[in-house]
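Peer 1: Input: one structure, supplied below.
Residue numbers (my numbering): 47 to 1268.
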């Protein structure tokens, strides 16, 4: 608590004139019997409190950590001179994560107990245009802690006073407006009356602590008006200390008193939201809500800056004024024509950057040709403690790059410039820096100063697809230069950070090329995003109005860079991927036939001609002669002068890790030598915040790019690269484990709440445990999947009402030729119907009917039940609407209905055939031992009974997981004549007619007239029923055709469902009540729970370990991947497996063809995996439960009987399908 009083040696560092004035002030204090003076310095973080203390003492007595915006606890510095002692107490910043830092206030109170505050220096910055609600809250917190009297002993100190205001304001005018706005905020926050506030007479003084502070003729640090600011500040301190107001004594009562605003703190988010409805203006200085200020990005990053080994990096394309259009009708009217416009906008950009105070700032499109703007950036950033490096583009383009490194964080080791001298006149900057604070070493024995290579660049804009080669070549030059620099300087183990505007999406060739070289996207890692999440965030709106994510901060650690493919190998593979894409686009060929269309005997000259046709050769920015030759050497693997497509296609999947023996040895050797493994991503945010939701705010005008900032810290173990903090990881795992237990065992004894409630429970825990935020939870719910699921359920309900499934049942028994024929029919009918109407629906409708036929023909039930369940699963794999996991895959992968069907259908047909053959082979003797029924022995009565059974069979809520029980008009207790006549029509009876005839005779009506009337009514109802059923079938057929045509699947299904509702022309509530809303809720909870589990980083870390062995362009890798999916589908269920693995499996495939194939492989294996065990899929359980609950002919399909056939069938069918998936 105490502080060592030392002789004031720093006093001798002041100029003589300053020393004379300070002695004068201290003498004045001693004359008033004040032999000591205690000054407390308070304010928000990053405003210059500590620097002001150092300036007053004349020594570096308070040093802020390079990785902290302010100190962690109060520090008192005591100096004595001539019997006078001055005590200056520096305090932590009073803002943390966007709220008042009450913990800091408690530390300050505890530190000041039994001390007297003679003067309070409330510090803020002069070079800030706005005050906000947070400023008022800080003042309010100080008032509630120390009382209103504290402001009577206060000086308002404004730092960064060397600031140059805009040209339309003089320095005096700007300073006056800024100080007046802060004084009004102090009055509002302290709730002092007008007279009381005037009596406090808070004086405003100015300070400039930077080395750029000008000096007067007496060598004193002076303000722009020539006045020496240190003597002025000490004079003001003396005046406040000697005024008539009583000093503030901090006693134990004040420290122990409860903070009056603790409860109100919880309401701060609501208060801020309410305040966002209005904005106050004080003489041009805006008081705006905290959430609207640019420093919101700082508030969101503060929590990640707690570690002393964290650094921050910002990349921002600030849009050069020479490119910014200010009039859409007149494209030649640019912002550069109006100085007021570009000056104001760039001032706001600098304010944002200075509020962030990143360790590294990488800017693109800086208007370096304009000396005034270039100097403005240089001066402001230099004043803030940055070293600045600018690099203009070649050929006098006007704009260029600017990279700034903060001197508190890094020291510069080397600086290089890379000029591409290419089509786009692009350039790059390379900075080799070393951290000032040691980082933990890999072995933990001693800390090391972490060295990092930082690159800033701006790639060519893809005006057309032919520029892909130019952009890829630019990235290659950067990586080639990095390799050469590392080799030149013997930098074996050094992390690399690539920043900039990459002008390409996550599905582009540049993105995949960088990943093949071991680089990871910091934003995607921080948010646990994969390729399928590209729509969830954007960073750029181009001149065409399109929004996309093009700004990246890439990170590559030593262990990843040592295990990557050779750079030239990845380059060649990337170029072949571009060639394939262009050939496919030019010929509208299928992915797997892009090169095949060139013919089987393509020579080198023909190869060059084809490249010229697609504008990849023969143009200034195309492939050179040397590059084309290199590609041909790779294509002509047999050295016979002919393009070898079959062997070449195996090289297109750009993998991160090379599994060769030589590479493994290199990795092991490097791990033994390296001292600091590298860095890991802690957090990443975009500004404006709307861009993190995939939206572009219309009122955002700083640039046409978002500002991306990433927090990076030391990393001893690259396995933890993507892992969340330990607490978040543990709690997220607990929530997911609870979800999994309740999903797999819905009636678990300790919590028998079922699957639906279990999924909601898991989702709730993810939010309560703060694994994800409420907004992230809502965003995780995939509405297109829910819409598609809802639509297909409604269509299935109306198809059941239209007797579609009755006809399927009739088809099974129609002219059956015996048990083997019946078995094959069950396989075929269940496969086709499940592909069109979902496997669960098929099993619900057909199970009891199949069981009845087997009993009536004296046949063993279990072969037919196995045929139904396994064939339904296999058949459902063929279409996106066949089962829930296919719905998820189709929506996330954006694979059209036709592409999905075309890719899986061959495997499905062969799989059904193999499955049927295996059933016949396994049960041939069992089926042959039973006497087969002849066709002519099956009476019409039996068929009629069977048809009636199917007609009366409805969906059972106890066994169908996503369709509620269906009660048609015929079974819903209705006894009106219309229903009775419909029943008579469906069963071939005429009882209704006879009843009406008797009624007519009893009433004396004419018998012929009654007959004619009833016949006419009967025929009218019958044809109306036929017309309605035909319409249902036509609408369903139209839905399928629309899906095949590639229309949006969700809206197509919803449209078909609503068309059926309207066509029914009656209250839709009875039909819509049969929709299984519990399944939709289950999916909502599952989406949230799985998203939260993804954010723990566990799935990503596990996949990173497995990915090198799951290469789908090799038979071994495909087998490993299939085995993993098969096991997980039976352990964690198929839909969660797809949600966890889908995007990762697809991301491991670099080419479009391989990515699509990866999705289809996942669909095939996760679906067929349901046949492995009885618990593997809902369809199996439906068949089992339906058969067991049959009233007169129940049968129990045991786990063992299913496993006996399911195990070999699943393995064989899955393996065959892996080869046939296209």
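Note that CB positions come from ideal geometry on N, CA and C, so glycine has one too.
Bear in mind the structure is a predicted one, so any value in this text is a computation, not a measurement.
Assign residue 489 to one of three DSSP states: helix, strand, or coil.
Peer 2: Per-residue confidence for residue 489 stands at a pLDDT of 48, beneath the threshold of 50, marking its modelled position as unreliable; no derived number is given.
Peer 1: State the CB to CB distance for the pair residue 1127 and residue 802, rounded to an integer number of angstroms; the pair is presumed to be in contact (CB under 8 Å).
Peer 2: Right, their Cβ atoms sit about 5 Å apart.
Peer 1: Would you call the CB atoms of residue 596 and residue 551 closer than 8 Å?
Peer 2: Yes, Cβ-Cβ distance for residue 596 and residue 551 is below 8 Å.
Peer 1: Taking only the alpha-carbon atoms, compute the straight-line gap between residue 687 and residue 670 and give it to the nearest angstrom.
Peer 2: Near 20 Å, if we compare the C-alpha coordinates of residue 670 and residue 687.
Peer 1: Less than 8 Å separating the beta-carbons of residue 1077 and residue 1109?
Peer 2: Yes, the Cβ-Cβ distance between residue 1077 and residue 1109 is below 8 Å.
Peer 1: Any idea which residues DSSP pairs residue 474 with across the strands?
Peer 2: Note: residue 474 sits in a beta bridge opposite 464 and 503.
Peer 1: Using CA atoms only, rank isn't needed, just tell me which of 840, 57 and 567 is closest to residue 598.
Peer 2: Closest by alpha carbon: 567.
Peer 1: Quick check on residue 873: does DSSP put it in helix, strand or coil?
Peer 2: Residue 873: helix per DSSP, three-state reduction.
Peer 1: Measuring straight from C-alpha to C-alpha, what distance separates residue 95 and residue 940?
Peer 2: Computed Cα separation, rounded: 54 Å.
Peer 1: What is the DSSP secondary structure of residue 747, counted as helix, strand or coil?
Peer 2: DSSP places residue 747 in coil when its eight states are reduced to three.
Peer 1: Just to confirm before moving on: does the CB-CB distance between residue 157 and residue 76 stay below 8 Å?
Peer 2: No, the pair does not count as a contact, with Cβ atoms beyond the cut-off.
Peer 1: Helix, strand or coil: how does DSSP classify residue 1183 here?
Peer 2: Three-state DSSP puts residue 1183 in a helix.
Peer 1: By Cβ distance below 7 Å, which residues in the same chain neighbour residue 1267 in space, the five residues on each side in sequence not counted?
Peer 2: So the qualifying residues of the chain are 949, 950, 953, 1203, 1206, 1207 and 1210.
Peer 1: Taking the alpha carbon of residue 447 as the reference point, which residue from 431, 412 and 833 has its own alpha carbon closest?
Peer 2: The residue with the shortest Cα to Cα distance from residue 447 is 412.
Peer 1: From 444, 364, 388 and 380, pick the residue whose C-alpha is nearest to that of residue 407; which is it?
Peer 2: That would be 364, whose Cα lies nearest to the Cα of residue 407.
Peer 1: When DSSP labels each residue in this structure, what does residue 1230 get in the three-state scheme?
Peer 2: In the structure shown, residue 1230 sits in a helix (DSSP, three-state: H, G or I).
Peer 1: According to DSSP, which residues form a beta bridge with residue 758?
Peer 2: Residue 758 is bridged to 357 and 727.
Peer 1: When you compare the region 1136-1146 with the region 774-792, are there three or more beta-carbon pairs, one atom per stretch, that lie closer than 8 Å?
Peer 2: Touching, yes.
Peer 1: Report the rounded CA-to-CA distance for residue 575 versus residue 569, giving the unit in angstroms.
Peer 2: Looking at the two C-alpha atoms, the distance is approximately 8 Å.
Peer 1: Are the beta-carbon atoms belonging to residue 544 and residue 600 less than 8 Å from one another?
Peer 2: Contact: yes.
Peer 1: Report the CB separation of residue 877 from residue 921 in whole angstroms; it is logged as a contact under 8 Å.
Peer 2: With a Cβ gap of about 3 Å, residue 877 and residue 921 count as contacting.
Peer 1: Does residue 923 pass the burial test, meaning 16 or more other C-beta atoms within 10 Å, or should it be called exposed?
Peer 2: By the 10 Å Cβ count, residue 923 comes out buried.
Peer 1: How many Å lie between residue 958 and residue 1258 at the Cα?
Peer 2: Near 11 Å, if we compare the C-alpha coordinates of residue 1258 and residue 958.
Peer 1: Going by other Cβ atoms of all chains shown within 10 Å of its Cβ, with 16 needed for buried, is residue 539 buried or exposed?
Peer 2: Classification of residue 539: buried, given that the 10 Å Cβ count is 16 or more.
Peer 1: Return the residue from the list 571, 625, 149 and 1223 that minimises the CA-CA distance to residue 662.
Peer 2: The shortest Cα separation from residue 662 among 571, 625, 149 and 1223 belongs to 625.
Peer 1: What's the gap between the Cα of residue 1252 and the Cα of residue 690?
Peer 2: Each residue's Cα considered, the two are about 41 Å apart.
Peer 1: Quick check on the DSSP output: the beta strand (DSSP E) that includes residue 1219 runs from which residue to which?
Peer 2: Residue 1219 -> no beta strand (DSSP E), and no H or E assigned at all.
Peer 1: Residue 225 lies in the alpha helix (DSSP H); which residues open and close that run?
Peer 2: Taken as a continuous stretch (DSSP letters only), the alpha helix (DSSP H) holding residue 225 covers 217-236.
Peer 1: Using only the alpha-carbon positions, how far apart do residue 427 and residue 1097 sit?
Peer 2: Cα-Cα distance, rounded: 52 Å.
Peer 1: Exposed or buried, what is residue 257 when buried is set at 16 or more other beta-carbons lying within 10 Å of its beta-carbon?
Peer 2: Label assigned to residue 257: exposed.
Peer 1: Could you say if the region 423-438 and the region 380-387 meet the contact criterion of at least three C-beta pairs nearer than 8 Å?
Peer 2: Output reads no: the region 380-387 does not touch the region 423-438.
Peer 1: In three-state terms, what does DSSP make of residue 59?
Peer 2: Helix, per DSSP.
Peer 1: Buried or exposed: where does residue 796 fall if 16 or more other Cβ atoms within 10 Å of its Cβ makes it buried?
Peer 2: It counts as exposed.
Peer 1: Classify residue 814 as buried or exposed, calling it buried when 16 or more other Cβ atoms lie within 10 Å of its own Cβ.
Peer 2: Classification for residue 814: exposed.
Peer 1: For residue 1265, which residues does DSSP report across the bridge?
Peer 2: In the DSSP output, where bridge partners are listed per residue, residue 1265 has none listed.
Peer 1: Mind checking whether the beta-carbon of residue 1261 lies closer than 7 Å to any heavy atom of the ligand NAD?
Peer 2: You won't find the ligand NAD in this model; it holds no ligand whatsoever.
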